[in-house]
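Protein chains in written order, with my numbering: chain A, 1 to 321; chain B, 1 to 199.
Each remark here refers to the structure printed beneath this line.
Rendered as structure tokens:
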């Protein structure tokens, strides 16, 4: 009985390991033990042979024909998967750099102009940041003209003086120096007395029209006379200022005659009288002249051009890819 | 370009490179699916699902045997198909496989093979497929991966998400069961493939 049990256990043990034996995955000792048992055991030998036959048969089983290919559809823009070219990368880098530089320069420019100008209206600041005031001063002729026409068309139609805006105004003549709305304007005027004295009445009024409401003071006769006498003096004054500040004077002299037909001196003077107190414009001609295109502007324009060009290049290259 | 280069390119999204890998392995993948599932339509679905899944998860491949990695994916796809069939028994696997008059579909005929040899091979393939169909899924898949596709026990364990001990056990029992089936069906096996007795 014991012997039969042992032999049954051995058969089971061998049967369990035949698969590994056939695959040659057994240790040498186990392998030797199995071989020894199989030699003396017909059933186990038959089992081993049938298993070997089964495995061989399975391996011989013909493979089914491939019904179709299983490749994935390649997207039409497959080449896009390739790494971007050096030129494309460089164009991207250039565009980004130019844009950043442009923004940086513009930002600094704006900060120095408006941030500094508003924070420090002192005379020194006015001198330093002459460019913006100049730009503003250059504009007034048209603006002032429009406003004069709008407020007093009849008067403006006859306006005697071509006087562009930026004539040195004398703080004394205008009726209400006290009413002057811009306290900041006073210091520059004081700081630059020479031209103002030379050109007493001249052209002050125009730019001032903006602040008209508070200055209704009449002054009529007085101012008309002064206006008349001012014309020659005005021209002389222009000549004087022309030497000092070529650019603004040039524009000033050129603009007025065409743009503003001068009405009768009295009318003009009335208009001026209304707007009279002219401390504000006085500072304009005094500031040193600056060209329209400063080096900073040139840099800004250049960078803007570069940024736009490089961006366009990037877009074109992107579309081509 | 070697296989590793194709794998690296495919991992970066190069579909053309991945298709090179598909062409290299599609026979094995489809064969595995066919042996495990037993019918061509399900095998096609499983193979296609496997390749799509492989492409999606290619970044997760960390080296080793790419074939074993692919076969693991297709085995999982086969299990998905089997679960699908169990929910819809109308397309019964056994009904297809146990039809003795239905030959294994679409075998490739070797050029030098005579028509009789080709017919016998088809017969053998059909019988083996029926025998595999009698096995539980896990034993069937183990036999397919090791005896047909030639994976090691370790790779098979990895593909089947189990351990080597379980693989040994499934393989031993599965082979024994298949052997018993084939011995019983020996008269359906062409004579030249039959078991020659020792005596």
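No residue lacks a Cβ here, since even glycine has one placed at the ideal position from N, Cα and C.
Asked: Chain B residues whose Cβ lies nearer than 8 Å to that of residue 54 of chain A; Found: 175, 178, 179, 182
Asked: For residue 64 of chain A, three-class secondary structure by DSSP; Found: strand
Asked: Where residue 48 of chain B falls: helix, strand or coil (DSSP); Found: helix
Asked: Simplified DSSP state of residue 168 of chain B, which is helix, strand or coil; Found: helix
Asked: Closer than 8 Å to chain B by CB, residue 313 of chain A; Found: no
Asked: Backbone CA spacing between residue 91 of chain A and residue 9 of chain B [nearest angstrom]; Found: 26 Å
Asked: Residue 400 of chain A at chain B interface by Cβ criterion, 8 Å; Found: The structure shown does not extend to residue 400 of chain A, since chain A is modelled only from 1 through 321, so no value can be given for it.
Asked: Helix, strand or coil at residue 71 of chain A according to DSSP, with G and I counted as helix; Found: coil
Asked: Exposure label - residue 305 of chain A; buried when at least 16 CB within 10 Å; Found: exposed
Asked: Sufficient close CB pairs (3 or more, under 8 Å) joining the region 165-176 of chain B to the region 131-150 of chain B; Found: yes
Asked: Cβ pair residue 149 of chain B, residue 71 of chain B closer than 8 Å; Found: yes
Asked: Closer than 8 Å at the beta carbon, the chain B residues around residue 51 of chain A; Found: 175, 176, 179
Asked: Option nearest residue 67 of chain B by Cα separation, candidates B:152, B:37, B:38; Found: B:152
Asked: At least 3 beta-carbon pairs within less than 8 Å: the region 308-321 of chain A vs the region 107-114 of chain A; Found: no
Asked: Contacts of residue 27 of chain B in chain A (Cβ-Cβ under 8 Å); Found: 63, 66
Asked: Straight-line gap, residue 163 of chain B to residue 23 of chain A (C-alpha atoms, nearest Å); Found: 17 Å
Asked: Within the region 124-177 of chain B, ranges of the beta strand (DSSP E) (whole runs, at least 3 residues); Found: none
Asked: Start and end residues, alpha helix (DSSP H) containing residue 188 of chain B; Found: From DSSP, residue 188 of chain B is part of no alpha helix (DSSP H); its letter is neither H nor E.
Asked: Chain A contact for residue 171 of chain B (CB, 8 Å cutoff); Found: yes
Asked: Unbroken alpha helix (DSSP H) run spanning residue 68 of chain B, endpoints; Found: 66-87
Asked: Residues from the region 40-54 of chain B in contact with chain A, defined by Cβ distance under 8 Å; Found: 40, 43, 44, 47, 48, 51, 52
Asked: Interface residues of the region 15-26 of chain B facing chain A [CB-CB below 7 Å]; Found: 15, 16, 18, 19, 22, 23, 26
Asked: Beta carbon proximity, residue 300 of chain A to chain B, threshold 8 Å; Found: no
Asked: For residue 138 of chain A, the three-state DSSP class (helix, strand or coil); Found: Confidence is the limiting factor: at residue 138 of chain A the pLDDT is only 43, short of 50, which leaves the residue's position unreliable, though a coordinate-based value still follows. Residue state, collapsed to three classes: helix.
Asked: Residue 161 of chain B versus residue 101 of chain A: straight-line alpha-carbon distance, rounded; Found: 58 Å
Asked: CB contact below 8 Å: residue 59 of chain B versus chain A; Found: no
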